[in-house]
Structures are given as structure tokens and as C-alpha cells.
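To start, the structure itself, in C-alpha cells.
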Amino acid sequence: MNQAEQSLAAPPAVIVIFGAAGDLTKRKLIPALLNLSSQKLLPSQIAMVGIDRVEMDSETYRQTLSQEISSFVGEGFDQAFWDAHIGKAYYMPGDFRDAECYKRLKKFLLEVDKEQGTPGSYLFYLATPPSFIGVIASELGKVGLAEERDDCWRRIIVEKPFGRDLDSARGLNMTLHQSFDEHQIYRIDHYLGKETVQNIMAYRFGNGTVEPIWNHRYINNVQITVAESLGIGDRASYYEEAGALRDMVVNHLLAVLSVVAMEPPNSFEADAIRDEQIKVLRAIQPFDSERVLSDTVRGQYGKGVSGNGDSVPAYIDEPGIADDSRTETFVALKLMIDSWRWAGVPFFLRTGKRMPGRYSEVVIQYKHAPNMMFRDALDRRKDISPNQLVLRIQPDEGISMEFNAKVPGTAFNVSRVCMDFDYEDYFDESTTASGYETLIYDCLRGDATLFKRADYIEVCWELVQPILDVWKALPPRGFPNYPAYSWGPEEAGKLLTRDGYRWRHTTQ
Ligand code: BG6
621 MNQAEQSLAA PPAVIVIFGA AGDLTKRKLI PALLNLSSQK LLPSQIAMVG
671 IDRVEMDSET YRQTLSQEIS SFVGEGFDQA FWDAHIGKAY YMPGDFRDAE
721 CYKRLKKFLL EVDKEQGTPG SYLFYLATPP SFIGVIASEL GKVGLAEERD
771 DCWRRIIVEK PFGRDLDSAR GLNMTLHQSF DEHQIYRIDH YLGKETVQNI
821 MAYRFGNGTV EPIWNHRYIN NVQITVAESL GIGDRASYYE EAGALRDMVV
871 NHLLAVLSVV AMEPPNSFEA DAIRDEQIKV LRAIQPFDSE RVLSDTVRGQ
921 YGKGVSGNGD SVPAYIDEPG IADDSRTETF VALKLMIDSW RWAGVPFFLR
971 TGKRMPGRYS EVVIQYKHAP NMMFRDALDR RKDISPNQLV LRIQPDEGIS
1021 MEFNAKVPGT AFNVSRVCMD FDYEDYFDES TTASGYETLI YDCLRGDATL
1071 FKRADYIEVC WELVQPILDV WKALPPRGFP NYPAYSWGPE EAGKLLTRDG
1121 YRWRHTTQ
């Protein structure tokens, strides 16, 4: 590595992955480490230690990873590069609930440090079911593995879901804080790692023309949609416990909202950005029972047929789901933000499984021009549409602005046209790949900007808790209430039409 490369590379460390035999590790984390390494973003003194219950030694673990890696990396997999680096992967079998496991881990890490020349800085990645987070953090603390010294740091990455309600999230924060200081804790939301979500900040704060009209004077309403065409796959037991509100809204959708609605931070420092995000989340009008009834919609998909003619079963007929399940697979919400910028502007959020496609986007619907001077010259059958800005998070990552233009000809007709920016026209597509490279790299460098602080997590749960309470007290009637591959229950449309708005349906 030359000097310039060295300055970009993360500092030397050992990455310890709890849940090394799990899906997330194989599919996302190992490929992300490989990508970072091939982009020269990892130093030569780096190692990975996997821990899981399965009994095997490091050599067998390396062989197992080697057998599967090419299918998870796909095109561009470089066998020679992999072979040259696989020696940096180690494995230690262990039971996460057994105190002895952590004593052994401490010794194991000292040996790895000796072999790889790493300085004792450790990143603990908890790729485990949520029930293990508390015990792992406590046990690491007990054996001194959370203690930092001048010459080495210790950090912990915690995956979602972070708790299942406000109380459990607070409890989890308390448990983590018994062993780790807040600056050592990195709570992941992979939506914040997405290039296109980060680009919302670049678009808003890197351009002089955007912010002056990013407020209630010019904006009518904001829509945030995360639609998925997939069902629940093989995650029945997790999803039955979670539902769409816990799985998507309390984390990913509110994360996107915080980026769209935050005030400009004073600097690009992690806390300056996170302070602004938390401030706007705190300004969302809390739900009381009445507003839960009027401003939230839940749904569950029934059977349906895709655009390709594939039939899929109803949620309740999916393997592992009870036939009287009341779990919601769709949520739509109307949120109001009490701030000078957003007074009176509704934010509509929706997410669901088995919708017509996989679309994540933010739609900013602007107000009409104040004086419609073309009114008399218009073809009266066509209403003139207000401007609409679409920030496409995925797929077809990009930004488009819809505006009105004169139709060529002697008559003065106006028609809607679109200015489009596509990522792939400007940038190498690989830069928009997975969020995990960015998140692991940032954590190794101690940059917490894209991770959630304890207060961020809690303010999201505070907002959602009344919805959980009312929904629990009043079980839904009439589930399933939308066919698979539709845009959700009718009520989701009414949530907007009663205010005079309409969802933007990407496929229309
Ligand atoms: C996960 C949810 O956090 O995000 C899944 O648990 C969901 O249910 C997924 O499918 C969506 O992520 P992405 O990046 O595919 O939009």
C-alpha cells in the first residue's frame, strides 16, 4: 500500500462476528469485508474472528467460507485475491450464554493480535437474534473486552430489531450502557447506509436552490414509500412477532423521514447530524388514541396474482403462519411535524409486503404556482399539475423533477414533463451496491454519523408505542384486506384523498 492508500485505509483491528455461521454473515458481512479489502480500504493488519455454536476449527471455517463465497459475491469474484486473504479469518466455537466462552475469546484474541500484528482494537459485530444482544454485551464487559485504552479502541455493532417496544428498547440501551459507553455503540439501520439515502443530504445541503423551497410555503405533502413485492420468505416466526410497523416503520421509514425533514446541521460531524435528526423526530405530533384510529392504516395481504401471472397464497396460508394471524403486512401513516419548516405539511408513510413492485422512494409534492395565469389558455380538460420531485432510493436509483412545459403548436397547451437524473448515467454502478461496506468501514474509523444513538432509537419507539397499544387493544377486523400485488387496503388511499392528495403509484 502506498501512502495515499494507507491514509484511506481503516485502522488495524480485529472484527469479531457473533453469529458467524448465520445468513447475514455469509451473505452480507464477509462479501462486504472482501469488497473493502479489494478496494484497499482495510489495512494489512486486519483479522476476522467468527464465533458460533457449531464446533469447528479455523481451517474448517475457512474451507466452508471458500465453498460459498463466490455465489454471494457474484460477478467479479477474484479467487486469487480471496485465497491470499482467507488466512485472516479465524473461528472459535462458543455458546453466547456461557461465561467461559468470553474468557476463551479474550485469550484467542491475544493470539490473533500476535499473529496479525493488530493492536488490540476490536469491533464486535452482533449478527445474532436480538435475544442475545444483552447477554453478549454484558459478558464482554465482565471480561474487560469493552475497556478502551489510549492505544486501542473497542466498539460494538448491534443489528435491528432494537427491542420490540419502548420499554424493551430502553432496557436494551441500559444493558449496553453497563458495559459500553455510548460512543462505543453503533446501532445499525441499513437504510442509513444506502447511497441514495445519504444522497438526500447531498442533494439538500450541497445545492443552493433546494433548501429555500424545502418548507411549508412551497411543499404540499411528502410521501415516503418502501414497497416490496416479496412476501415473508422463510422468516415466518420472526415476522409473526414483528409485523410491518416494527419491522420497517420504527426504523427504516423514520430514518428516511429524519433525513428528508431535518434542519441543516452546522457541520458534517456525527453528533451535529444526529442532533438535527432527533430534533425533527421529536417534533412529530404524538399519536393519541383518536389519531391512531384516524391517521393509521394496517393491512394484511390475501392471495393474489403477480403481473407475470404467478399466484401466491394469502399471508395466513404461508408456511409457519397461524390461520387466524392478525399480524400486519402493510402500514400507512399520516404524520404531522410541529416545526416552523413543516407546519401544516402532512408526511404520508407506507410500507408493505406483496405490493406491485420493489420501490423505495420519497415524493415531494409542491404547491401550485400562486397565480395560474395560463388558466384561460389551457385545455380545460387537463388540470395543470403541481411540480413533483421524486427521490428514488431503489431500484433505478436517481432523482426526477416533474414540471409543466408548453406543448409545441399554435394552441397554448401545457403538459407534464420530467427531468431525470439516473445514478448509472454518472457513476459506476458498484458504488450503489450494499450498505454494509460503508457501515463497517465507518465503524472501524469511528465515524458514527450513519448509526443511531440511544435517544434516536427511543424517540422512534415513543412515537410508535401508542399505535402498538391501540392496535393491540383493538385487533383488526376484516384481514386480509388487500390482495397480493396491490397497493394495499382502500383505507390507505383514503388517508390521502380526504386531504385532497393522492399516492404516487410508480407503476401507473
Ligand atoms: C429488513 C426487513 O430490515 O429490511 C425486511 O427486516 C425487509 O423485512 C428489508 O425486506 C428491506 O430492505 P431492502 O434493503 O431490501 O429494502
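Under our numbering, the final residue of the sequence shown carries the number 1128; numbering is consecutive throughout. Where a beta carbon is used, it is the ideal one built from N, C-alpha and C, also for glycine.
Between the ligand BG6 and the CB of Lys780, the shortest heavy atom gap is smaller than 7 Å. The beta carbon of Met868 sits closer than 7 Å to at least one heavy atom of the ligand BG6.
Remark: the shortest separation between the CB of His797 and any heavy atom of the ligand BG6 does not fall under 7 Å. Segment contact: the stretch 1080-1090 against the stretch 1102-1109, fewer than three CB-CB distances shorter than 8 Å; contact not assigned. Within the DSSP bridge table, the entry for Arg1012 names Glu981 and Gly1018 as partners. Around the beta-carbon of Lys954, 16 or more other beta-carbon atoms lie within 10 Å, marking it buried. Counting C-beta pairs closer than 8 Å gives fewer than three between the stretch 1035-1051 and the stretch 752-762, which falls short of the contact rule.
Val876 and Pro966 have their C-alpha atoms spaced approximately 15 Å apart.
Proximity of the beta carbon of Glu860 to the ligand BG6 is not indicated: no heavy atom of the ligand is located closer than 7 Å. A direct Cα-to-Cα measurement between Ile808 and Asp958 gives close to 27 Å.
The beta-carbon distance between Leu729 and Val669, rounded to whole angstroms, is 7 Å. This is short enough to meet the 8 Å contact definition.
Of the residues Phe782, Ala847, Leu786 and Thr1117, the one whose Cα lies closest to the Cα of Glu981 is Ala847. Inclusion of Glu848 in the 7 Å shell around the ligand BG6 follows from its C-beta lying nearer than that to a non-hydrogen atom of the ligand. Around the beta carbon of Asn871, 16 or more other beta carbons sit within 10 angstroms, so the residue counts as buried. With a cut-off of 8 Å on Cβ pairs, the stretch 853-861 is in contact with the stretch 937-951, counting three or more such pairs.
A contact is defined here as three or more CB-CB pairs under 8 Å, and the stretch 915-926 fails this definition with respect to the stretch 821-838.
In this structure, the beta-carbon distance from Leu901 to Cys1080 falls below 8 Å. Our two residues, Lys723 and Leu628, have alpha carbons roughly 34 Å apart in a direct line. Across the structure, Asp867 and Glu1078 are spaced so that their CA atoms are roughly 15 Å apart.
Counting only the Cα atoms, Ala890 lies some 10 Å from Lys1072. CA-CA distance, Ile635 to Ile1019, rounds to 36 Å. CA-CA distance, Lys899 to Glu1082, rounds to 14 Å.
Cβ-Cβ separation between Leu743 and Leu1059: approximately 11 Å, too far for a contact (criterion under 8 Å). Rounded to the nearest whole angstrom, the C-alpha separation of Pro1100 and Ile936 is 8 Å. Relative to the ligand BG6, the beta carbon of Gln920 is positioned no closer than 7 Å to any heavy atom. Beta-carbon to beta-carbon, Leu661 and Ala700 are separated by about 19 Å, too far to satisfy the 8 Å threshold. In the DSSP assignment, Thr916 falls within the unbroken beta strand (DSSP E) covering Thr916 to Gly919. Placement of the Cβ of Gln1014 at a distance of less than 7 Å from at least one heavy atom of the ligand BG6 is found.
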